[in-house]
Amino acid sequence: MYLKKTLAAVALAAMTATNAMAGGLAPASPEPTIVVPVEPAPQRSSWGIILPILGVALLIALANKDKKEPAPDV
């Protein structure tokens, strides 16, 4: 008699647990992919090369300004 009650309780518990999970678990939602924004490369300026060239040209012009031209031989 005790065995029948135990088996009946186990069967009832198994059916109840099965019904509780009848639909199954909710499907796992995929994790969203993380998109890291990429900053565009900074625009290059031509002033980085123009200013040193102008500076060198200015120094050459200043160095040549003080030189006197030799007198022409007549």
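In my numbering, the protein residues as written are 72 to 145.
Even glycine gets a Cβ: it sits at the ideal position worked out from N, Cα and C.
query                                                                                                                            : result
Let me know the secondary structure DSSP gives VAL107 once reduced to three states.                                              : coil
What is the rounded straight-line gap between the Cα of MET69 and the Cα of ALA79?                                               : Since the first and last residues shown for the chain are 72 and 145, residue 69 lies out of range.
In terms of residue numbering, what span does the alpha helix (DSSP H) encompassing ALA112 cover?                                : Segment: none, ALA112 is in no alpha helix (DSSP H) and carries neither H nor E.
Taking only the alpha-carbon atoms, compute the straight-line gap between TRP118 and PRO111 and give it to the nearest angstrom. : 20 angstroms
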